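Participant: Supplied in structure tokens, the structure appears directly below.
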Amino acid sequence: MPAQKDRWVSALVFLLFCASSMPRSGSVGLQQEPSPQHYFSGLEAGKASLAFFTPSVSPGAQPFLEQVESSAEALQDYGISVVKVNCPKEDISRYCGRENALRKAFLFRGNRLIREFPTDALFDVNSIVANVLFALLFNEVKYVETLADLENIENVLKGKSNLVFAYVPATGTAEHRAVMEAAFVYGTIHQFVLTTEAALLKATSRDDPDVSSAWLLFCHCQQATDPAQPCRRTALGEPLTLLNIHRHLKLMGAPLVTEVAEDPEKVSTVHLQLGLPLVFILSQKETYEADRRTAEFVAWQLLGKAGVALLSRDFVDLNVLHRSNVALKTPDEGMPIQYLVLEDTDEVVTLVEDKNKVKQIQEDEQQEEEEDEDEKENSNQDIQDDQVVEAVSRDKKRELPLEQVLVLTEENFHSSLSEAARTVVLFYASWEAVSLAVLRSYSEVAAHLKGTPGVLLSRVNCWDWPGLCSQENVTQFPTIRIYKEGQHSVMYEGMWGTEELSSFILLSQVPCPLKLATMDEAEGYLRGEFPSELSSHHHTSLLGVFSTATSEAREAFEEAGNILSGHVKMGMYFEDDAMALSQKYSVSPPALLLARSGGRSVEGIALSKHSVQDMVQVIRYELLDIFPEISVPNLPQYLQLGKPFLILFSAGDISQTESKEMLKLAKGGAQQAFVACWLNL
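In mature numbering (1 follows the signal peptide of the UniProt record, and there is no 0), the protein residues as written are -27 to -1, 1 to 654.
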């Protein structure tokens, strides 16, 4: 039924457009009545008519009469008759007896007067048709003056129907007429809103629109089910004509994303029928949800410019490269579908908006195949400081040293996890920019950790093995997980740099917290000598000391260790001589012993709060350096303190004197007021 109604609306608009485009001859549509009495006696209930009353001879009204006669057939298309009523000399009725009445036109529905129009407001066919339809469509077309008025109407429509908002610089213009004619057809489907206020148009747009031109916005209120959610607005990018409005509303009514499971050569949508391209996002069952979200995002960006379809590889045998992820079908007959490899959604949008983009992409791909790999190494000045840009620009055509990284597939994934105590797995997508950057860091981590016992580094390309990634619940790229003995896994959520990744993998080797059995082990732990796996790892050592009476604090410390695993080097000592160990550093259990610089400096900290959350917060705070060098990885940790920064800027490393003076300042009473730090310019 909705499709049938849509076809009926389209047919009606087409007929109206054809009728309005046909040349008129004479005044076939103009009716004449000999007197007002004769006119009123023949009015039919519910039928609209535009009447003007004039003496038999009225030379001054001749220009107006010519325009009214020209508009008669146009109004007749909408069931509105145009009547010229002669006023006998002796008639002194309301419409003939008053001189000002002879300078007006009157709109009736049945015998009820709807509106009076001064003849100078009906100066041509466009103004007559626009003003008459505006008066008759009072409920279908609301006039608003402020943004608050528009938003109030949108709020009423949310979750129910959509809104068509039109701005015209003045009423009675060709654009005003086009809006009214569209409202006549679509007024029962969408709420139309009209304004002539330039300030309101500017308030609805992020850009600075040209207020001398007419504008039309389609407001998607039906999809805004949450009252706080704004209605998306899609502007008509063409001149405001009846045919363009119909075309725009037709596109807005089409499905946002069309799902297809047939040969794309056979697919036809309303977009292709209206002369617009169709973009296919290639998908498969394992990545369907992510591909659907991508398709919807692209569809909103291209709304009114192109259609978007989700093409399933599972049902269609495509003889194209497996890495191809986008296809473009143009409305031009005989043009083949172009299959491309695009790296992000911006490229898809540019593909449609720039007609030369397809040719350019194909030429670039051909050029990349022919280029010598070594040419790119000649110029380093273009390499950016940004790691993603650097990785993509440097490594796009260069083989990465990944010999130390095992390639995992669906066949060897589970068996490989049991080969080492700790298996590090990088889940990535070979077409995605950040994945390429992380893959470079990952290769450096593999070289750095080469020969480390009990650690296996591996990778899974989710573009080749989407089923495996879906099975492991990988929903974003890249993702790194460490599997312990092939079972429980820990996800890495830190920075993607080589140093940070290496540190996380090494720290994940040992339990967190590590339970120490003797006083010698505890002392060796504080000196950085124990455990042996971390002896070369210069991290601050944190040791929790607990007596048998402090079981609550000990349990909270263990849970905090689970949360901080991979990020902190934590040990725990709760033997009978724990009191003696803590008193050596002037604290009593429960307490933290913090060993910096290989145990040369051990600080004792009493634990007064015993909840897990408090324990995590205390540990993170105490591990912060007193006078740190600010870097990308550690900046968020210091920002969380909510204190102002006192920064020493230095062109290179700071001197011992500078460091000594700043440490004095940082350790003084001002420590609670600000963060003293330095930055290497």
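Glycine included, every Cβ here is placed at the ideal spot set by N, Cα and C.
Computed from a predicted model, the values in this text were never measured in an experiment.
Mind the definition here: the region 249 to 258 touches the region 273 to 282 only if three or more C-beta pairs lie below 8 Å; say whether that holds.
Facilitator: Output reads yes: the region 273 to 282 touches the region 249 to 258.
Participant: Measuring CB to CB, does Val281 end up less than 8 Å from Ala263?
Facilitator: Translated into the one-based positions of the sequence shown, residue 281 becomes position 308. Translated into the one-based positions of the sequence shown, residue 263 becomes position 290. No, the Cβ-Cβ distance between Val281 and Ala263 is not below 8 Å.
Participant: At what residue ranges does the region 180 to 219 contain a whole run of the beta strand (DSSP E), taking only runs of 3 or more?
Facilitator: Counting whole runs of 3 or more residues, the region 180 to 219 contains the beta strand (DSSP E) stretches 188 to 193 and 205 to 208.
Participant: Could you tell me the boundaries of the alpha helix (DSSP H) in which Leu130 lies?
Facilitator: As a working mapping, residue 130 is identified with position 157 in the sequence shown. Leu130 -> alpha helix (DSSP H) spans Leu120 to Leu130.
Participant: Please work out which residues of its chain come closer than 6 Å, Cβ to Cβ, to Leu171, disregarding the five sequence neighbours upstream and downstream, and give them in chain order.
Facilitator: The count along the sequence shown starts at 1 and reaches residue 171 at position 198. It should be noted that the sequence gives Ala, not Leu, for residue 171. Excluding residues within five positions, the ones whose Cβ falls inside 6 Å are Val184.
Participant: I'd like to know if the region 565 to 579 and the region 471 to 491 are in contact, where contact means that at least 3 CB-CB pairs between them fall below 8 Å.
Facilitator: Counting Cβ pairs under 8 Å, fewer than three are found: no touch.
Participant: Count Cβ pairs between the region 473 to 482 and the region 533 to 540 that sit closer than 8 Å; are there 3 or more?
Facilitator: Yes, since at least three Cβ pairs between the region 473 to 482 and the region 533 to 540 fall closer than 8 Å, the two stretches touch.
Participant: Measuring alpha carbon to alpha carbon, tell me which residue in Ala21, Ala18, Ser22 and Thr92 is nearest Glu39.
Facilitator: Position 66 of the sequence shown, counting from 1, holds the residue named residue 39. Here the closest residue by C-alpha is Thr92.
Participant: For Glu532, which residues from the same chain have a beta carbon less than 6 Å from its beta carbon, with the 5 sequence-adjacent residues on both sides left out?
Facilitator: For this step, residue 532 is matched to residue 559 along the sequence shown. Here the set comprises Val585.
Participant: Assign Trp651 to one of three DSSP states: helix, strand, or coil.
Facilitator: In the sequence shown, counting from the first residue as 1, residue 651 sits at position 678. The answer is strand: DSSP assigns Trp651 an E or B state.
Participant: Can you find the residues in the same chain that come closer than 7 Å, C-beta to C-beta, to Gly625, ignoring five residues on each side of it along the sequence?
Facilitator: As a working note, residue 625 is residue 652 in the sequence shown. If we look at Gly625 and ignore the five residues flanking it on each side, its Cβ neighbours are Asn653.
Participant: Have a look at Glu148, Thr146, Trp438 and Thr119 and flag the residue whose alpha-carbon is nearest the alpha-carbon of Ala176.
Facilitator: The sequence position of residue 176 within the sequence shown is 203, counting from 1. The option with the nearest alpha carbon to Ala176 is Thr119.
Participant: Taking the C-alpha atoms as reference points, what is the distance between Ile310 and Leu409?
Facilitator: Residue mapping note: residue 310 aligns to position 337 of the sequence shown, counting from 1. Residue mapping note: residue 409 aligns to position 436 of the sequence shown, counting from 1. About 29 Å.
Participant: Secondary structure at Arg265, three-state DSSP: helix, strand or coil?
Facilitator: Counting from 1 along the sequence shown, the entry for residue 265 is found at position 292. Helix.
Participant: Could you tell me the alpha carbon to alpha carbon distance between Gln590 and Pro228, rounded to whole angstroms?
Facilitator: Translated into the one-based positions of the sequence shown, residue 590 becomes position 617. Translated into the one-based positions of the sequence shown, residue 228 becomes position 255. Gln590 and Pro228: Cα-Cα distance of roughly 50 Å.
Participant: Beta strand (DSSP E) containing Ile101: first to last residue?
Facilitator: In the sequence shown, the residue the question calls residue 101 occupies position 128. That residue, Ile101, is in no beta strand (DSSP E); its alpha helix (DSSP H) goes Val98 to Leu109.
Participant: Buried or exposed: where does Arg296 fall if 16 or more other Cβ atoms within 10 Å of its Cβ makes it buried?
Facilitator: Position 323 of the sequence shown, counted from the start, is the residue given in the question as residue 296. That one is exposed.
Participant: Between the beta-carbon of Val433 and the beta-carbon of Val398, is there less than 8 Å?
Facilitator: Numbered from 1 along the sequence shown, position 460 holds the residue referred to as residue 433. Numbered from 1 along the sequence shown, position 425 holds the residue referred to as residue 398. Cβ atoms of Val433 and Val398: closer than 8 Å.
Participant: Under 8 Å, do Thr144 and Ala208 count as touching if we go by C-beta distance?
Facilitator: By 1-based counting over the sequence shown, the position of residue 144 is 171. By 1-based counting over the sequence shown, the position of residue 208 is 235. Against a cut-off of 8 Å, the Cβ pair of Ala208 and Thr144 comes out as no contact.
Participant: Helix, strand or coil for Lys133, going by three-state DSSP, please let me know.
Facilitator: In the sequence shown, counting from the first residue as 1, residue 133 sits at position 160. Coil at Lys133, not helix or strand.
Participant: For the beta strand (DSSP E) containing Val233, list its first residue and its last residue.
Facilitator: Here the question's residue 233 lines up with position 260 in the sequence shown. Counting along the chain, the beta strand (DSSP E) containing Val233 begins and ends at Thr231 to Val233.
Participant: Rounded to whole angstroms, what is the Cα-Cα separation between residue 674 and His512?
Facilitator: Because the chain in this structure spans residues -27 to 654, residue 674 falls outside the shown range and cannot be described.
Participant: Is the beta carbon of residue 673 sitting closer than 8 Å to the one on Arg286?
Facilitator: Nothing can be reported for residue 673: it is not among the residues displayed for the chain, which extend from -27 to 654.
Participant: Could you tell me the distance, in whole angstroms, from the CA atom of Arg413 to the CA atom of Leu390?
Facilitator: For the purposes of this step, residue 413 is identified with residue 440 of the sequence shown, where counting begins at 1. For the purposes of this step, residue 390 is identified with residue 417 of the sequence shown, where counting begins at 1. Between Arg413 and Leu390, the C-alpha separation is close to 23 Å.
Participant: Can the beta-carbon of Val166 be found closer than 8 Å to that of Ile101?
Facilitator: Residue mapping note: residue 166 aligns to position 193 of the sequence shown, counting from 1. Residue mapping note: residue 101 aligns to position 128 of the sequence shown, counting from 1. Going by C-beta atoms, Val166 is not nearer than 8 Å to Ile101.
Participant: Around the Cβ of Val129, are there at least 16 other Cβ atoms within 10 angstroms (buried) or fewer (exposed)?
Facilitator: Numbered from 1 along the sequence shown, position 156 holds the residue referred to as residue 129. Exposed.
Participant: With DSSP as the reference, identify every bridge partner of residue 663, one or two as the case may be.
Facilitator: Nothing about residue 663 can be read from this structure; the chain reaches only from -27 to 654.
Participant: By alpha-carbon positions, which one of Arg150, Val233 and Ala187 ends up nearest to Tyr140?
Facilitator: Start at 1 with the first residue of the sequence shown, and residue 140 comes out as number 167. The candidate whose alpha carbon is nearest that of Tyr140 is Ala187.
Participant: With a threshold of 8 Å, are at least 3 pairs of Cβ atoms found where one atom belongs to the region 451 to 465 and the other to the region 590 to 599?
Facilitator: Touching, no, given that fewer than three Cβ pairs across the two stretches are closer than 8 Å.
Participant: For Ser403, tell me which candidate among Lys423, Pro439 and Leu422 has the shortest Cα-Cα distance.
Facilitator: Residue numbering aside, residue 403 sits at position 430 when the sequence shown is read from its first letter. Taking only the C-alpha atoms, the option nearest Ser403 is Pro439.
Participant: Can you tell me which of Ser43, Phe107, Asp50 and Phe26 puts its alpha carbon nearest to the alpha carbon of Pro61?
Facilitator: Position 88 of the sequence shown holds residue 61. For Pro61, the nearest C-alpha among the options comes from Phe26.
Participant: Which of helix, strand or coil does DSSP assign to Tyr456?
Facilitator: Sequence index remark: in the sequence shown, residue 456 carries index 483 (1-based). Strand at Tyr456.
Participant: Would Met492 and Leu554 qualify as a contact pair, given that the criterion is a beta-carbon distance under 8 Å?
Facilitator: Along the sequence shown, read from residue 1 onward, the residue named residue 492 stands at position 519. Along the sequence shown, read from residue 1 onward, the residue named residue 554 stands at position 581. Yes, they are a contact pair.
Participant: With contact counted as at least three CB pairs below 8 Å, one residue from each stretch, are the region 46 to 60 and the region 1 to 11 in contact?
Facilitator: These segments touch.
Participant: Between the Cα of Phe288 and the Cα atoms of Lys258, Glu63, Pro212 and Arg220, which residue gives the shortest distance?
Facilitator: Here residue 288 corresponds to residue number 315 of the sequence shown, with the count starting at 1. Considering only alpha carbons, the answer is Lys258.
Participant: How many angstroms separate the CA atom of Glu376 from the CA atom of Leu313?
Facilitator: Your numbering for residue 376 matches position 403 in the sequence shown. Your numbering for residue 313 matches position 340 in the sequence shown. So the alpha carbons of these two residues sit roughly 30 Å apart.
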